[in-house]
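Below: the structure, in structure tokens.
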Amino acid sequence: MTTRETASLQISVDRRGFLKLLGGGLLVCLSPSSALAQESGRGFRGHELPNDVSAWIHIGADGRVKVFTGKVEVGQNIRTSLAQAVAEELRVPFESITMVMGDTDLVPWDMGTFGSRTTPTMSPQLRNMAVAARELLVEAAAKRWNIDPSKLTASAGKITTPDGQKFITYGNLTRGEDLVKSAPGDPPLTPATEWKIAGTPVPKANGHDFVTGKHQFPSDIVRPGMAFGAVLRPEGYNAKLDSIETTAAEKLPGVKVIRDGDFTGVVAEDAFTAHQAVEAIKAKWTMPSQPSNQGLFDYLKANPDGESKPDHQSGSVADAYSSGDVKLESRYTTEYIAHTPLEPRAAVAEWNDGKLTVWTGTQRPFGVHEELMQTFKLSPKQVRVIQPDMGSGYGGKHTGEAAIEAARLARAAGKPVKVVWTREEEFTCAYFRPAGLVEIKSAARKDGTLVSWEFHNYNSGPAGIETPYETPNQLIQFHPSKSPLRQGSYRGLAATFNHFARESQIDEMAHALHMDPVAFRLKNISNPRLRAVVRAAAEKFEWDSAKSSPERGFGLSCGTDKGGFVATCAEIAVNPSTKNVKVQRAVQAWECGAIVNPDGLRNQVQGALVQGIGGALFERILFSNGRIENPHLSKYRVPRFSDTPQIDIILLDRKDLPSAGAGETGIVGIAPAIGNAIFAATGTRLRHMPLTPEDNVVKS
Amino acid sequence: MSKFLLHINGQDHSVQAPDEESLLSVLRNRLALTGTKYGCGEGQCGACTVLMDGAATRSCQIPAAAAAGAKITTIEGLERQGRLTPVQDAFLEEGAYQCGYCTSGMIMSASALLHDNHSPTDEQIVTAMNGNVCRCGTYPRILAAIKRAASLSAGGTR
């Protein structure tokens, strides 16, 4: 890669028009030769980044800075942390930056907001552009004053001469000059040790709008003349429509029933009537016989979805296992669980002169853009997707169902239409974190050295599947299965279950070897970053003096995925008569390189732990013969205030390492830590997630 | 279908809606007061919490027509002449949210709690707030914000 290389730039007519809209000023476009730009543009169904630009910064004559990105804010705080990174490199106050996010007409193409990729890829990309912009501004000032640019200082949105006598603001510098330039690809970035804005606990951008109710989430969008839509849902998975009778619905005031192939929806002047109309439709369905929770894991193992290969293979697990001193063979299982974002899927669609605009909650605005293009046979320019900061996603909002439904209804109704899914629709029409089965065979020598590790995951996924424990003989393999329910992405995805299985097994090995679980881990872990979080968590938790009893258990787990390192300690109390389990205290140590925003990071790592308590203890989808049996919050338990333990979060700041994302991996540690604590207290090893769906430890 | 007056945030709104339509639906879909959120429709998540004559009420569980005559306060009605309430201030200061979708309901429930009990214990806060779900898991910060709001109020800053 040639650094400092300046590529020629072509700005499309649209972008030029857009620039006019912004007024004059400096517009920075990162060279397409940037390694980061290419990385994020490849590997998604052959989709390449547009050649004209990969990212944008605009500095207005008033000194206001607009930053454009296809990443979206869903509660993970990147509207704030990305702005901090840009402010740092551009040398402007944080407050002068406005992030323009997730609007397909305004921002460069982006694959989507998932996989903890914003901090490791989008942040450096924007920082590169900010440095380039700063350098251009300095050069412009140097030219104006006829002075060596290296003598000038850029700070707080202005450039100052060495004697401090003269200064010019960025706004004044760009005014009237109509600067549009391409920028060097990979300029040097400010090291984290010198950060002044990045690395500090800047509060969430627009916090005021959230405490006053002013912020408009996707489901809050209102358009002039807007009507409300609702959709007829099938009775269950794989249901076939036999007959439909819509007369009663059509008799309701102002109701229009829209049928289009398998799709049946209604539009009404108000939301209440729209839902009444759907209920008034009489539909008869045929449902084929389908799997249920009962027998699910045998079904997943017996129904592979294509061939698979080992994810990791070294030595011979067969030989090493048979020659080991301590051997364990175990089977772990996990149920489907639901994201349950508090804001359900929602969209408002509007057609104007053949152009479709949709406001919707999605982690992939450009993915939804493509879905809409394909569904309605539109060109890229005929579709605009706008993603207002939404009521969370946790990996559950990758797809554009609500957007397509609203667009279909709006086209037929000839006016803007809003569709907001009910909670029941969220449970029955979205997708789940995959259920899965893990089978492990492990062996160690008497001295506690792991010698063999065989790990098979059926259906749950390959994320976090590799072991961080030094083991000479390994066979690790993910086996995809045919899933009876619709499944998809989720915060951390399979890393949670893979860590649960691995860390439960490791704990059991330690006990079988009569070794302390922390000592056993440290004996077999060489990665210094993982060792550091284990030590930090154990120290804060006072692990060495934590002695379990039948009524009180202490457990620990650790792991790494997506550049984050985590160790979690849990203390649980077991009610002696009911055997109910309560998580009393948790300590979680976390490290993901240089910390961009310690307050936001702490919030993420703590929130992930709290969310993880649900999947660990009680969340599960119950289904039978294609029907979801608990599609309501009264039947699907999520963590509440009363489930939340006292939590200590320890952040290790590695300013010498690049920042990794932190939205996901903080969720992986709590389930095995609790399971290990339950074992320490009761001697019962629970190998199924959720651990205690009926609240108590069921004796196996 | 009925016609009635709703008294919301100090203003009268004339509403025409079916008898069974919820207060939440009327607020959001007829009066464009979208600060109050839909989360579950069965009174389980607290996102739709409003104050009715000072009491925290799940607006998805009560027909709008039944709210006629009551003094209703929604999240939009808390700020007065640009001044936030201690609860709103405390949520900002503690950063007691992530996506912010539960925040309206949390603030309304917490406001009712602190109105009735000026210095609640942790246990009383957990009991009072347990019907409000934050799926992002910011409960420890919300708890801290409520305690901070209690001390802000006690300090006579408002």
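Sequence lines, in order, name chains H and P. Going by our numbering, the first residue of the first sequence is number 920, and it counts up by one from there. Going by our numbering, the first residue of the second sequence is number 376, and it counts up by one from there. Glycine is no exception: its CB is placed at the ideal position from the N, C-alpha and C atoms. This structure is a prediction, so every number in the text was calculated from the model and none was measured.
Listed in chain order, which residues of the stretch 491–512 of chain P have Cβ atoms closer than 7 Å to some Cβ of chain H?
V501, M504, N505, V508, R510, C511, G512
Can you round the beta-carbon distance between P/G421 and P/G475 to whole angstroms, since I take them to be within the 8 Å contact cut?
Sequence index remark: in the second sequence, residue 421 of chain P carries index 46 (1-based). Sequence index remark: in the second sequence, residue 475 of chain P carries index 100 (1-based). No, P/G421 and P/G475 are not in contact; Cβ-Cβ is about 14 Å, not under 8 Å.
Using CA coordinates, which residue listed in H/K1300, H/G1286, H/W1064, H/Y1251 is at the minimum distance from H/L1275?
Taking the first sequence and counting its residues from 1, the one referred to as residue 1275 of chain H is at position 356. Residue H/K1300 is the option with its Cα nearest to H/L1275.
DSSP three-state label for H/E1358, please.
Counting from one through the first sequence, the residue named residue 1358 of chain H turns up at place 439. Three-state DSSP puts H/E1358 in a strand.
Taking the DSSP output, what are the residues bridged to H/V1304?
Reading the first sequence from its first residue, position 385 is the one you call residue 1304 of chain H. Per DSSP, H/V1277.
Would you give the residue range spanned by the alpha helix (DSSP H) that H/G1526 belongs to?
Residue mapping note: residue 1526 of chain H aligns to position 607 of the first sequence, counting from 1. Start and end: 1517–1536.
Which parts of the stretch 414–438 of chain P are runs of the beta strand (DSSP E), unbroken and 3 residues or longer, counting only runs that do not cross its ends?
424–427, 430–433
Could you check which residue in P/T513, P/T478, P/A525 has the C-alpha nearest to that of H/V1524?
Counting from 1 along the first sequence, the entry for residue 1524 of chain H is found at position 605. Comparing Cα-Cα distances from H/V1524 to each of P/T513, P/T478, P/A525, the minimum goes to P/T513.
Can you tell me whether H/H1433 is buried or exposed? The criterion is at least 16 other CB atoms within 10 Å of its CB, across all chains shown.
The count along the first sequence starts at 1 and reaches residue 1433 of chain H at position 514. Within 10 angstroms of the beta-carbon of H/H1433 lie fewer than 16 other beta-carbons, which makes it exposed.
List, in chain order, every chain H residue whose beta-carbon is nearer than 7 Å to that of P/G316.
Lying before the first or after the last residue shown, residue 316 of chain P is absent from chain P, which here runs from 376 to 533.
Please confirm if P/R533 has its CB atom under 8 Å from at least one CB of chain H.
The residue labelled residue 533 of chain P in the question sits at position 158 within the second sequence. Low local confidence applies: a pLDDT of 43 at P/R533 is under 50, so the model's placement there is unreliable, and no value is given.
Using beta carbons (cut-off 8 Å, strictly below), is H/P1284 in contact with chain P?
What you label residue 1284 of chain H is simply residue 365 of the first sequence in a count that begins at 1. It does not: the Cβ of H/P1284 has no partner Cβ on chain P nearer than 8 Å.
How would you call P/I521, buried or exposed, if buried means at least 16 neighbouring beta carbons within 10 angstroms?
Here residue 521 of chain P corresponds to residue number 146 of the second sequence, with the count starting at 1. P/I521 should be labelled buried.
Output the distance between the C-alpha atoms of H/V986 and P/S494, rounded to the nearest integer angstrom.
For the purposes of this step, residue 986 of chain H is taken as residue 67 along the first sequence, with counting starting at 1. For the purposes of this step, residue 494 of chain P is taken as residue 119 along the second sequence, with counting starting at 1. Spanning the two alpha carbons is a distance of roughly 44 Å.
Does the Cβ-Cβ distance between H/V1587 and H/T1415 come in under 8 Å?
Position 668 of the first sequence, counting from 1, holds the residue named residue 1587 of chain H. Position 496 of the first sequence, counting from 1, holds the residue named residue 1415 of chain H. In contact: H/V1587 and H/T1415 (Cβ atoms closer than 8 Å).
Residue ranges of each beta strand (DSSP E) run of no fewer than 3 residues wholly in the stretch 1060–1087 of chain H, ordered along the chain?
1072–1074, 1077–1079
Are the Cβ atoms of P/N404 and P/T449 separated by less than 8 Å?
In the second sequence, counting from the first residue as 1, residue 404 of chain P sits at position 29. In the second sequence, counting from the first residue as 1, residue 449 of chain P sits at position 74. Taking 8 Å as the Cβ cut-off, P/N404 and P/T449 do not qualify as a contacting pair.
With distances taken between CB atoms, is the gap from P/A465 to P/R523 smaller than 8 Å?
As a working mapping, residue 465 of chain P is identified with position 90 in the second sequence. As a working mapping, residue 523 of chain P is identified with position 148 in the second sequence. Against a cut-off of 8 Å, the Cβ pair of P/R523 and P/A465 comes out as a contact.
For the stretch 1505–1522 of chain H against the stretch 384–399 of chain P, do three or more pairs of beta-carbon atoms, one drawn from each stretch, fall closer than 8 Å, so that the two count as touching?
no
Using a Cβ cut-off of 8 Å (strictly closer), state whether H/K1201 contacts chain P.
The residue labelled residue 1201 of chain H in the question sits at position 282 within the first sequence. Chain P, which has no Cβ nearer than 8 Å to the Cβ of H/K1201, makes this no.
Figure out for me which residue from H/R1010, H/G994, H/F1484, H/E1461 has the closest Cα to the Cα of H/F1033.
Walking along the first sequence from the start, residue 1033 of chain H turns up at place 114. It is H/G994 whose Cα lies nearest to the Cα of H/F1033.
What number of angstroms, rounded off, separates the C-alpha of H/V1302 from the C-alpha of H/D1272?
Working through the first sequence from its first residue, we reach residue 1302 of chain H at position 383. Working through the first sequence from its first residue, we reach residue 1272 of chain H at position 353. Going from the Cα of H/V1302 to the Cα of H/D1272 covers about 11 Å.
Residues near H/V1437 in its chain [Cβ-Cβ closer than 7 Å; skip 5 each side]
Here residue 1437 of chain H refers to the residue found at position 518 of the first sequence. Correct list, in chain order: V1453, A1457, W1462, L1475.
So if DSSP puts H/N1499 in a beta bridge, which residue, or which two residues, is it bridged to?
Working through the first sequence from its first residue, we reach residue 1499 of chain H at position 580. Note: H/N1499 sits in a beta bridge opposite H/N1615.
Taking its Cβ as the centre, do 16 or more other Cβ atoms sit within 10 Å of H/S959, making it buried, or is it exposed?
Reading the first sequence from its first residue, position 40 is the one you call residue 959 of chain H. Only weak support exists for where H/S959 lies, its pLDDT of 38 falling under 50; the value from the coordinates is given anyway. Its Cβ being crowded by 16 or more others within 10 Å, H/S959 is buried.
Distance CB(H/A1239)-CB(H/P1027) smaller than 8 Å
Here residue 1239 of chain H corresponds to residue number 320 of the first sequence, with the count starting at 1. Here residue 1027 of chain H corresponds to residue number 108 of the first sequence, with the count starting at 1. Taking 8 Å as the Cβ cut-off, H/A1239 and H/P1027 do not qualify as a contacting pair.
Considering only their Cβ atoms, is the gap separating H/G1234 from H/G1286 smaller than 8 Å?
Along the first sequence, read from residue 1 onward, the residue named residue 1286 of chain H stands at position 367. Along the first sequence, read from residue 1 onward, the residue named residue 1234 of chain H stands at position 315. Going by C-beta atoms, H/G1286 is not nearer than 8 Å to H/G1234.
Any beta carbon of chain H sitting closer than 8 Å to that of P/P438?
One-based indexing of the second sequence puts residue 438 of chain P at position 63. Judged by the 8 Å Cβ criterion, P/P438 is not in contact with chain H.
Taking CB distances under 8 Å as the criterion, tell me whether P/P461 reaches chain H.
Position 86 of the second sequence, counted from the first residue, corresponds to residue 461 of chain P. At a cut-off of 8 Å between C-beta atoms, P/P461 does not count as an interface residue with respect to chain H.
Please report the distance separating the alpha-carbon of H/L1605 from that of H/P1353.
Numbered from 1 along the first sequence, position 686 holds the residue referred to as residue 1605 of chain H. Numbered from 1 along the first sequence, position 434 holds the residue referred to as residue 1353 of chain H. Whole-angstrom Cα-Cα distance: 19 Å.
Hey, could you find the ends of the beta strand (DSSP E) H/R1454 is sitting in?
As a first step, residue 1454 of chain H is located in the first sequence; it is residue number 535 there, counting from the start. Taken as a continuous stretch (DSSP letters only), H/R1454 belongs to no beta strand (DSSP E), being part of the alpha helix (DSSP H) at 1447–1460.
Going along chain H, which residues have a C-beta under 7 Å from P/Q419?
Position 44 of the second sequence holds residue 419 of chain P. Within 7 Å Cβ-Cβ: L1552, S1553.
Could you pull the start and end residues of the alpha helix (DSSP H) that H/D1217 belongs to?
Here residue 1217 of chain H refers to the residue found at position 298 when the first sequence is read from its first residue. Where H/D1217 is concerned, the enclosing alpha helix (DSSP H) stretches over 1215–1221.
Against chain P, with Cβ distances strictly below 8 Å, would H/F1351 count as a contact?
Locating residue 1351 of chain H in the first sequence gives position 432, counting from the first residue. No, H/F1351 lies away from the interface with chain P (no Cβ there is under 8 Å from its Cβ).
Enclosing alpha helix (DSSP H) for H/M1020 [first to last residue]
Stepping through the first sequence from its first residue, residue 1020 of chain H is reached at position 101. That residue, H/M1020, is in no alpha helix (DSSP H); its beta strand (DSSP E) goes 1016–1020.
Element boundaries [alpha helix (DSSP H), containing H/E1198]
Position 279 of the first sequence, counting from 1, holds the residue named residue 1198 of chain H. Per DSSP, H/E1198 belongs to the alpha helix (DSSP H) from 1190–1199.
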